Amino acid sequence: MKVLVVGGGGREHALVWKLAQSPKVDKIFCAPGNAGIAQLAECVNIAADDVAALLEFAVKNRIDMTVVGPEAPLMVGLTDRFEEAGLKVFGPHKRAAEIEGSKTLAKEIMEKYQIPTAKYRVFTETAPAIEYIKELGVPVVVKADGLAAGKGVIVAEDMDTALDAVKLIMEEKVFGAAGNKLLVEEFLEGEEVSVLAFSDGTCVVPMVSSQDHKRAYDNDQGPNTGGMGAYSPAPI
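Per our numbering, residue 1 is the first one in the sequence shown, and the count goes up by one each step.
Here you go:
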């Protein structure tokens, strides 16, 4: 079958690499892809969030299955649009993707269903957020509510960094509309682990655990970014 992978990062490279091992897969396209992916698949010059162009390509090339990597196309409803056109696509619907697209919504869902999570407060103005941080003290975590390419979480170990983070997100809008809301969250210490699962709405099949490393520099230094690397299983 013919498969279209949407995205152009390391995640999509891994997806393409694994899909290429399947005897059921005859041809892989990747939009937009990258130089590494081009060794395994045919890269297509279509942006990952250009849903209309991706849909047109999938129909024209009779794609049997589309696999979506990034959050942005999921947030604008790629899965919904493809399914409406009768195409098979792997990725959550727009409504489900909002859990990833809004940290506030994710927190509210965790509270509703009593899922343990760090204590937090949500702000839409700078002054109350700064006042709360001064009361709370440091270290503290400051988060832009929306998608920010993995850079919207600032772990502030001192007060200046925390207050600067609020101003950068809410006043200077370094993350655009993603910073219209801001979360101030308690700092948690310990090892991080990610456990994802596949679900059809009835059954849940967990994947192997993994550990993401977000810091930009060696020895766990520097700001968080979209992910410098990960390994699996997590050593926990």
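In this text, a Cβ means the ideal position worked out from N, Cα and C, and glycines have one as well. From a predicted model like this one, the values you see are computed outputs, not experimental measurements.
{"Item": "For E71, collect the residues of the same chain with a Cβ closer than 7 Å to its Cβ; drop the 5 residues on either side in sequence, then sort them by chain order.", "Value": "A97, E100, G101 and L147"}
{"Item": "Check each candidate in E185, G222 and A234 and name the one with the smallest Cα separation from V208.", "Value": "A234"}
{"Item": "In chain order, what residues of the same chain lie with their CB nearer than 7 Å to the CB of V138, ignoring the 5 residues before and after it?", "Value": "A156, E157, D158, M159 and A162"}
{"Item": "For the beta strand (DSSP E) containing P206, list its first residue and its last residue.", "Value": "V204 to P206"}
{"Item": "For a test of the three-state rule: what should DSSP assign to P223, helix, strand or coil?", "Value": "strand"}
{"Item": "Can you check DSSP and say which residues form a bridge with T66?", "Value": "L4 and V89"}
{"Item": "Which residue's Cα is closest to the Cα of G150: P128, E189, D50 and G9?", "Value": "G9"}
{"Item": "Whole angstroms is fine: what's the gap from A165's alpha carbon to K103's?", "Value": "16 Å"}
{"Item": "Tell me whether A35 sits in a helix, a strand or coil according to DSSP, three-state version.", "Value": "coil"}
{"Item": "Out of L74, V51 and V25, which has the shortest C-alpha to C-alpha gap to A41?", "Value": "V25"}
{"Item": "Can you tell me where the alpha helix (DSSP H) holding E84 begins and where it ends?", "Value": "L78 to E84"}
{"Item": "Quick one: residues in its chain with C-beta nearer than 8 Å to the C-beta of F29, no 5 flanking neighbours on either side, listed in chain order?", "Value": "K2, V3, L4, V5, A41, E42, C43, V44, F57, N61 and I63"}
{"Item": "Work out the CA separation of A35 and N224 for me, nearest whole Å.", "Value": "25 Å"}
{"Item": "State yes or no: is the C-beta of K94 within less than 8 Å of the C-beta of M75?", "Value": "yes"}
{"Item": "So, for K173: in the same chain, excluding its five sequence neighbours on each side, which residues have a beta-carbon less than 7 Å away from its beta-carbon?", "Value": "G179"}
{"Item": "State the Cα-Cα distance for the pair K119 and E185, rounded to the nearest angstrom.", "Value": "6 Å"}
{"Item": "Which residue marks the beginning of the beta strand (DSSP E) containing L182, and which one marks its end?", "Value": "L182 to E186"}
{"Item": "Rounded to whole angstroms, how far is the Cβ of K181 from the Cβ of D145, which I believe are closer than 8 Å?", "Value": "4 Å"}
{"Item": "Got a sec? Which residues, its chain only, sit under 6 Å from T238 by beta carbon, not counting five neighbours each side?", "Value": "Since the displayed the chain opens at 1 and closes at 236, residue 238 lies outside it and no answer follows."}
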